[in-house]
Every structure is written in structure tokens, then in C-alpha cells.
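Please read the structure below before turning to the comments.
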Amino acid sequence: AADLARAAARTAGDLLTPPAPVRLGDVIPVPERVAPDPTADFVLPGDAAVRVSHDPTAREVAEQLAELLRPATGYPVPVTGLADGTDGHLVLALSSSATPARAAAPGDFDPAERLGDEGYRLHVAPAEVRIVADTAAGLWYGVQTLRQLLPSAVESPTPVAERWVVPGGLVVDRPRFPYRGAMLDVARHFFGVADVLRVIDHLARYKLNHLHLHLTDDQGWRIAVDSWPRLATVGGATEVGGGPGGWYTAADYRRIVRYAARRHVTVVPEIDLPGHTNAALLAYPELAPDKVAPPPYTGTEVGFSYVDPADERTYDFVADVVGEVAALTPGPWLHIGGDEAFKVKGEAYTGFVERAQRIVAATGKTVVGWHQLAPAAHLDGRVLQWWGTDGDDPVVAEAVRRGARLILSPGNHAYFDMKYAPDTPIGHDWAGLIDVRRSYDWDPGTHLADVPAEAVIGVEAPLWTESVTSLAEIEFMLLPRLPALAELAWSPRATHDWAGFRDRLAGHGPRWHRAGITFHRAPEIRWP
Ligand code: TNX
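Quick note: the sequence shown uses UniProt numbering, first residue 15, plus one each step.
This is the structure we're talking about:
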């Protein structure tokens with residue numbers, strides 16, 4: 015708590031230190047290629063406009079760039095079409111409509127190079143900043159890079175007198191992995207829509223593109239289901255410690271999904287089955303093996319509850335819930351949990367999972383589950399989320415040989431509910447302590463024995479919330495570790511460098527401070 019208070023109470027004196035100039039490569043995740051040109055800095059003028067390709071999704075990105083620049087600069091920053099001919103200063107161009115680069119590019123930069131689904135090229139010259147991409151997502155990632163290249167004062171919610179310089183040169187960038195995510199457990203403690211939107215902002219800043227919502231657990235059911243209404247009204251009314259809990263209406267959930275989509279973030283909903291279901295049993299005792307309602311659960315143990323795998327009614331419940339959640343979710347994924355169902359063993363467990371996997375497939379979604387799903391039969395496309403602490407996992411390697419793909423969330427590197435150090439006021443330590451260096455020091459491409467790199471679609475940082483009770487505490491646990499995970503997910507392995515990462519990370523402290531974001535002032539980092 016003292017740490018949190020210190021983070022929140024940084025004094026105005028800190029702001030008197032002149033900020034170090036930003037260099038072109040000072041970006042997290044570090045870009046694939048950077049060619050600085052110190053003679054080509056750009057300074058944003060008061061009449062700056064954003065010019066963008068004629069495309070609604072690209073236009074959305076341009077509007078968000080303008081929204082990002084207006085508060086701190088106080089400039090009007092209008093958005094206009096690329097074809098309008100006005101002097102734009104900030105240009106966002108889809109490759110199809112891009113004019114060839116004006117200046118000769120350095121040798122290893124081919125202006126005709128394909129940038130892929132999420133790549134972009136950023137060219138900073140005295141007359142303009144130009145972002146070129148094949149897709150609106152690429153433009154969006156280019157904008158996130160531009161944001162970090164502006165002085166940290168750009169994060170101020172109110173106008174600041176500042177020279178808005180962007181370092182000159184060229185950046186070419188694209189992600190290493192397509193799945194880059196974080197998970198928020200809204201079941202152990204409930205977090206309202208505003209908090210979730212703010213977490214999405216943090217993901218987007220670091221080019222993460224998936225938000226996994228752990229929507230159900232023993233302590234609470236957090237999504238309204240029309241066909242089983244008591245899940246939310248009864249199952250949602252508790253949380254760890256006995257607080258009031260809460261749940262999302264369909265409209266709330268749609269708002270989250272829409273806000274995320276505008277930021278190129280896909281929501282992955284999780285309905286945890288067959289264990290972690292005390293809240294559901296409380297609402298509908300018919301699902302319980304003994305057909306008796308358990309008491310509400312407000313503790314932090316795991317593994318005691320389960321829906322009855324031998325009762326057909328359970329599969330009606332699964333189909334109804336999965337069907338409604340799938341219908342509300344535009345993204346391709348649906349996560350069915352599967353972890354720690356200690357009381358559903360052997361064939362009872364695999365049989366349940368195999369039916370649940372087919373129920374998800376019937377909705378058109380791709381099934382995701384914790385790696386405990388591994389022994390169940392393969393189903394086309396299925397993805398296992400690995401949260402082990404020992405990279406030698408033959409059962410998971412075997413599931414990969416049968417066709418499973420993996421999201422990696424190693425408990426001892428990527429579980430951001432773990433404490434940073436023994437004196438961290440909140441968090442767990444069952445998977446060890448995770449300081450910033452530990453969150454950075456692993457390679458998703460080689461982490462698991464006998465698993466080819468191609469089977470890994472990406473990485474995700476889960477934040478379990480048994481001990482996390484507020485937005486400030488969420489931010490304290492995510493920052494500064496989330497940028498480390500984001501760099502593993504996005505940047506080519508050849509760029510991996512702790513000393514360089516540590517120096518770049520230091521520059522983000524003033525940005526978070528300006529934006530009013532809480533973070534842990536990790537002692538490994540030389541914060542300015
Ligand atoms: C294990 S990891 C769990 C969660 C807990 C977490 C605490 C996983 C799939 N299950 O139920 O919240 O540990 O770190």
C-alpha cells in the first residue's frame with residue numbers, strides 16, 4: 015500500500031527535471047528495424063492536420079490519433095482525406111493508396127515491401143510524418159509508435175507548452191506473434207466497465223491485441239445469460255472477501271467489445287468449466303452433483319466445485335451459455351477454462367471436455383482452454399493456454415503433435431498476480447516472485463521442450479484478482495511488467511536485450527505519471 019501511495023503521490027518537483035529527448039528506437043515493443051536520421055526531426059505545428067486514406071477503418075485510426083494529440087497540444091488537429099490535397103503534416107496511408115516514399119530510403123528499406131496484417135512503416139521527415147500499412151491495424155500500430163516518439167507531455171490530459179518534436183528517420187515494424195494478450199479475472203473481484211476500458215487502453219499502448227476476460231469462477235458469475243438468468247443475479251452477487259460483486263449486462267459486454275475493437279483488441283470470453291463453478295451451482299443447484307445449492311464462496315481456495323458431468327441438463331446449460339456468449343462476441347475465440355477440476359477425473363473429465371469442445375465448435379468459434387484440456391481428443395483448431403512452470407511438459411507436447419496450438423502464459427514469468435518481491439503488498443508467490451527482469455527473460459519460441467515454435471501462436475499475461483481489488487492495484491501489478499511481455503510478443507528475438515529494454519522502460523514512468531496511471535517503481539529500473 016505504501017508503494018501504491020508513493021506511486022500516486024509523485025510530486026510536482028519531478029516534472030522540473032527536463033525530459034531526455036526521445037530517440038527513434040526508444041519504443042516498447044522495440045521495432046523490427048530503425049534507421050534514425052538526426053537531420054530529419056519533425057516538429058508538430060499548431061495547424062497540424064491528419065490526412066488519411068479513404069477507408070472507414072483507416073479513418074477510425076486517424077480520428078484516434080487526433081484524439082490522442084488534442085488534449086496535451088491544445089491544437090485542433092482536424093482529420094481530412096488523403097485526396098483533399100491540403101498540407102497534412104501527419105499522413106496515414108493504406109499501401110494501396112500510398113505514393114512512393116519521397117526521399118530515397120536507406121539500403122535495407124524497400125518501399126514496396128509487404129508489411130503484413132499488422133505491420134507498418136513510419137517515416138519521420140521535417141515536412142511530415144507518414145505511416146504506411148497494408149491494413150488499418152498496421153496504421154494503428156504505427157500510431158502507437160508515434161505516440162511514444164512524442165515527448166512524454168503528450169500524455170497530459172490538459173494543454174502543455176512543449177516543442178512537439180518527433181525524431182527523424184524510418185521505422186519498419188511488424189509482430190513476431192499474432193496472439194498478444196492479457197487476461198483480467200473479473201470473477202474473484204468484479205471490475206466495472208470503466209475499469210475494463212482502461213485496461214484495454216494499457217494493452218493497446220503496447221500493441222497487445224487480445225483481452226481475455228475470466229468471466230466466471232467460484233466467487234462470481236459476471237455475464238448475464240438470458241436463458242439462465244439467475245447465473246448473474248444470484249451467482250454474480252458475491253466476490254472474494256464478501257463484497258457486492260456485480261455482472262455485465264449484454265449491453266455492458268457489447269460496450270467492452272466495441273471499445274476494444276476500435277483499438278484493434280479482440281475480446282476472448284472465458285466460461286470456466288467444469289470446475290470453478292460454485293457461483294453457477296448456487297444459482298442452479300440442479301447442475302450440482304448432489305443437486306444441493308452450496309453456500310456462496312468468498313474465499314480463495316480452488317478445485318472443490320464442479321458441474322455434474324453425468325447429467326444431460328449440464329450439457330443444455332453449457333450449450334445455452336456458450337451459445338449466448340458466442341452470439342455476443344465478434345472475435346473468433348471462446349475459452350472454456352478446464353483448469354483445476356480436481357474432482358472430475360479421468361474419462362469423466364475428458365468426456366466432458368470433448369463434448370464442451372464440440373458445443374463451442376458448433377457456434378463457429380475456435381475453442382481455447384487451459385492446458386489441462388491436453389489429454390482430451392483433438393478438435394480442429396483448438397488452442398491450449400499453457401500456464402506451467404516447468405517447460406518440460408510431455409502431455410502438452412503430445413497434444414501439440416495431435417494438432418493443438420499454444421498460447422504461453424508461464425506461471426513463473428507471465429503470471430502478473432505474482433508478487434514482484436517478498437514485500438509486494440498484494441499478490442501470490444506460488445509460482446515464484448516475478449520482478450521485471452524475470453517477466454522479460456524467456457523466449458516463447460523455445461520455452462517448451464519438444465514443441466516447435468510454429469505451434470505457438472503467442473503469449474498472454476493473466477492477472478488473477480484474489481488479492482487485487484481496485485483499478486490502481488490492477489495497474490500496479492501490470493506496470494511495468496506488461497511492456498516486457500508485449501516486447502516478447504511483438505519484437506523479433508534478435509532485438510532481445512535486457513539492458514536496452516530496461517533503459518527504454520525508464521522513459522515510460524513519466525508517461526504513466528502524466529496520464530495518471532499507477533505503476534510499481536521497480537528498483538531495477540533507473541526511473542528519471
Ligand atoms: C491458478 S492458472 C488458477 C487460478 C488462480 C491462480 C492464482 C489457472 C488456470 N488457475 O484459479 O486464480 O492460480 O495464481
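C-beta atoms are modelled at their ideal positions from N, C-alpha and C, and glycine is treated no differently.
Note that the structure is predicted; figures quoted are calculated from it, not measured.
Going by beta carbons, ALA294 and TRP235 fall inside the 8 Å limit.
Around the beta carbon of GLY523, 16 or more other beta carbons sit within 10 angstroms, so the residue counts as buried. Inclusion of VAL185 and LEU129 in the CB contact set at 8 Å is not warranted, their separation being larger than that value. Straight-line spacing of the CA atoms in THR377 and VAL410 works out to 26 Å. One alpha carbon belongs to ALA107, the other to HIS427, and they sit about 38 Å apart. A distance criterion of 7 Å places the beta-carbon of TYR89 beyond contact range of the ligand TNX, judged by its closest non-hydrogen atom. Per the coordinates, the alpha-carbon of GLN78 lies some 29 Å from the alpha-carbon of VAL339.
By the criterion of at least three beta-carbon pairs nearer than 8 Å, the stretch 436-451 is in contact with the stretch 479-497. ILE145 and ASN292 have their alpha carbons spaced roughly 50 Å apart. Under the three-state reduction of DSSP, GLY182 is assigned to coil, being neither helix nor strand.
The criterion of a C-beta distance shorter than 8 Å is satisfied by GLN233 and THR252. About 10 Å separates the beta carbon of VAL374 from that of VAL367, a gap too long to meet the 8 Å contact definition. Collapsing the DSSP output to three states places TRP512 in a helix. In this structure, the straight-line span from the alpha carbon of ARG369 to that of ALA196 is close to 27 Å. Relative to the ligand TNX, GLU354 has its C-beta within less than 7 Å of a heavy atom. Around the CB of VAL473, 16 or more other CB atoms lie within 10 Å, so the residue is classed as buried. When C-beta atoms of the stretch 57-66 are compared with those of the stretch 76-93, three or more pairs fall below 8 Å, so the two segments count as touching. Contact annotation: ILE285 and VAL336 have beta-carbon atoms nearer than 8 Å. The beta carbon of TRP444 sits closer than 7 Å to at least one heavy atom of the ligand TNX.
Taking C-beta atoms as the reference points, GLN162 and VAL41 count as a pair closer than 8 Å. When rounded, the separation of the alpha-carbon atoms in PRO303 and VAL321 is 7 Å. Going by DSSP, HIS527 is part of the alpha helix (DSSP H) stretching over 522-529. Here LEU348 carries a strand assignment [DSSP, helix/strand/coil].
Per DSSP, the continuous beta strand (DSSP E) segment holding ALA49 begins and ends at 47-50.
Contact between the stretch 271-280 and the stretch 204-220 is present, with at least three C-beta pairs closer than 8 Å. The criterion of a C-beta distance shorter than 8 Å is satisfied by ILE421 and ILE471.
In the structure shown, THR230 falls within a strand segment according to DSSP collapsed to helix, strand and coil. For TRP384, the distance from the CB to the nearest heavy atom of the ligand TNX is below 7 Å. Residues VAL239, SER241 and TRP242 of the same chain have their beta carbon placed closer than 8 Å to that of ASP334, with the five preceding and five following residues left out of the count. Between the ligand TNX and the CB of VAL316, the shortest heavy atom gap is smaller than 7 Å.
By the CB criterion at 8 Å, PRO323 and GLY365 fall inside the cutoff. For the pair GLU487 and PHE204, the Cα-to-Cα distance works out to about 13 Å. In this structure, the CA atom of ARG269 is about 13 Å from the CA atom of VAL279.
Ranked by Cα distance from VAL138, the options ALA54, ASP231, HIS290 and ASP266 are led by ALA54. No heavy atom of the ligand TNX is found nearer than 7 Å to the CB of ASP404.
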